[in-house]
Structures are given as C-alpha cells and as structure tokens.
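Trainee: Everything in the sequence shown is counted per my numbering, starting at 1 for the first residue and increasing by one.
Glycine included, every Cβ here is placed at the ideal spot set by N, Cα and C.
Note that the coordinates shown come from a computational prediction; the quantities given were computed from them, not determined experimentally.
Sharing a structure, written as structure tokens. Questions coming.
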Amino acid sequence: MTIEKYKNVAIGTLALLLLTSLYFNFENRTTSATEKVATVSQDELFQKKQECQGYQTSIEAKLKTLDFYNPDTNYQTTHFLKEIFFSPKANTCLYIEQEWGLQNNKLVDEIYTLNDALTGEILTSSIQDKTNSNYLQQKQGFEDFVSEYK
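Following this line, the structure appears as structure tokens:
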C-alpha cells in the first residue's frame, strides 16, 4: 500500500511538472506571437508614414494655387503645408494647412485646417484672429483636436 501511495505521488508530481512546463511554453509562444504582431504593425505604420510623405509635393503645389492678393485692399493670403502624417484613427493620410491673412504686410489672421490627403475632406478648421484676446485658446483647441488623430 505504501508503494501504491508513492506511485500516486510520483505520477501526480510528474503531471504537475508537465502541466507547468506546458503552461510556460504556451506563454512564451503567445508573447512571441504578440511581439511579431506589434512589429508588423510598426512596419506597416512606417510604410504608411512613408506613403503619406509622398503626397507632400502635390499638396504644396495645390496650396500654392490658393494664394491670393487683392491690390485694392492690400490683403493677401498665403497657404502652407504645416504637417503631413498618417492617422491610425482615421486610417488615412492627414495634413494641416496653415493660411496666413496679411493686411498691409501685417499678419491679421491664421486659418488652420485638418484635411484628408486622399479625399480632400476637411475634418476641422480653426480661424484664429490675431487681434482677438482668446487667440491662444483657439489655437490650443485646434491642436488638441489634431492630437486625437495622431
């Protein structure tokens, strides 16, 4: 009877060791698979960012055509590409257009627009009057909105 007990204890111990070994082996494989997925995601993200940078020249050319000058009022607008980036949230390339409004060569307003580079859709826009006292709050509100898409 005591030999039977030892056999049961030995079998139980071996079973416990086997289960523990299987558990840690499974954990290592799961972690490894998760790391591979994360790496693939980072690689894809890098490729998407590179793709977005490819649109920079055409966007800058488009914005240049929007520049305007009125000699009667001495008012002009100048458009710039402030930033282009891939947005995981929107799953597309987005860019920030900055427009300066100049009156007698003095900056009077700025307009920031967040655009979809592929569809041309405007996601949001912010007109910031330099003479307005809440200029900085307007700018911060736009930047907060953009940061949600980065």
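Quick one: Cα of glutamate 121 to Cα of serine 133, how far?
Mentor: 30 Å
Trainee: Taking 8 Å as the cut-off, does the segment 45-58 touch the segment 104-114 (at least 3 CB pairs, one atom from each stretch)?
Mentor: no
Trainee: Just the C-alpha distance for threonine 78 and leucine 114, rounded to the nearest angstrom, thanks.
Mentor: When rounded, the distance between both Cα atoms is 16 Å.
Trainee: Please report the residue range of the alpha helix (DSSP H) in which serine 58 lies.
Mentor: 56-64
Trainee: Under three-state DSSP, which class holds leucine 118?
Mentor: coil
Trainee: Report all residues from its chain with a CB closer than 8 Å to the CB of glutamate 83; omit the five preceding and five following residues, and keep chain order.
Mentor: Tyr95, Ile96
Trainee: Under DSSP, the beta strand (DSSP E) around asparagine 105 begins and ends at which residues?
Mentor: Segment: none, asparagine 105 is in no beta strand (DSSP E) and carries neither H nor E.
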